[in-house]
Amino acid sequence: MATTTAANSFLQRLIGAFALDTAIYEEVEADESATGQALAVVLLSSVAAGVGSRGLGGTTLPGIVFITGLSLIAWVTWAILTFEIGARLLPEPQTRVDVGQLLRTIGFASAPGLLRVLGVMSNATIPVFAIAAVWMLAAMIVAVRQALDFTSTARAVAVCGIGWALAIAMAAVIGLLFGPTLQ
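Here's what the structure looks like:
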């Protein structure tokens, strides 16, 4: 007799994503109905970055909107780069890429970015953003390893590290060219 297990709730998935639980990443990879949840995590994480940026001192509503948008663009860039690097440049023999599966897992890997809202406390902004960035990178490594069926964590580290560096560089250029000036 086949057994079935109930899917975890959205909150349980968020907690599992924070905890770097590989079973949660496998679950959202396989659950096509989790795509909306993954999108919600990415959007909420981006908004958290915008709101948290207020801690940098006097960020106005247009500045918050800009940082939110920049965060979203950085995530999309990272997702595209991760797909291209993981699927085309550094795949393992068993790697089978399904864009939906990858987007769901890396969407949930944005969960630690929700902490960026704590950046509204001016003395905590830089440390909070730094901790969230490193935690998101760790979550992304777990997500990529699971979604791309890597047996090597080192390969997932390479894929995510290269994509992360390129995405940050692109976001920095966009921010410098089009961003608001800090008072």
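Each residue of the sequence shown is one higher than the one before, counting from 13 in my numbering. Each residue gets a CB set at the ideal place from its N, CA and C atoms; glycine is no exception. Quick caveat: nothing in here was measured; it's all calculated off a predicted structure.
Minimum Cα-Cα distance from ALA60 among the listed residues PRO103, ILE138, GLY67, GLY125 corresponds to GLY125.
With a 10 Å radius around the Cβ and a threshold of 16 neighbouring Cβ atoms, GLY112 comes out exposed. If the five residues before and after ILE174 are omitted, its C-beta is found closer than 8 Å to the C-beta atoms of LEU93, ILE97, all from its own chain and listed in chain order. By the CB criterion at 8 Å, GLY28 and ILE36 fall inside the cutoff.
In the three-state reduction of the DSSP assignment, ALA136 falls in the coil class.
Cβ contact annotation for LEU32 (same chain, cutoff 7 Å, sequence separation greater than five): ALA150, ALA151, VAL154, in chain order. Within the same chain, and ignoring the five residues on either side of SER122 in sequence, the residues whose Cβ sits closer than 7 Å to its Cβ are VAL53, VAL54, SER57, TRP87, MET148. Taken atom to atom, the span from the alpha-carbon of VAL132 to that of PRO139 is near 12 Å. It is roughly 13 Å from the alpha-carbon of ALA170 to the alpha-carbon of THR163. Excluding the 5 residues flanking it on each side, LEU102 has same chain C-beta neighbours closer than 7 Å at ARG167, ALA170, VAL171, in chain order. The Cβ atoms of GLY119 and LEU26 lie no closer than 8 Å to each other.
Relative to the Cα of PHE190, the nearest Cα in the group ILE79, ARG116, ALA142, GLY64 belongs to ILE79.
Counting other Cβ atoms within 10 Å of its Cβ, ARG108 stays below 16 and is therefore classed as exposed. For GLN106, the closest alpha carbon among the candidates ASN20, GLY67, ALA159 is that of ALA159. SER21 is classed as exposed because its beta carbon has fewer than 16 other beta carbons within 10 Å across all chains shown. The DSSP-derived three-state label of PHE162 is coil.
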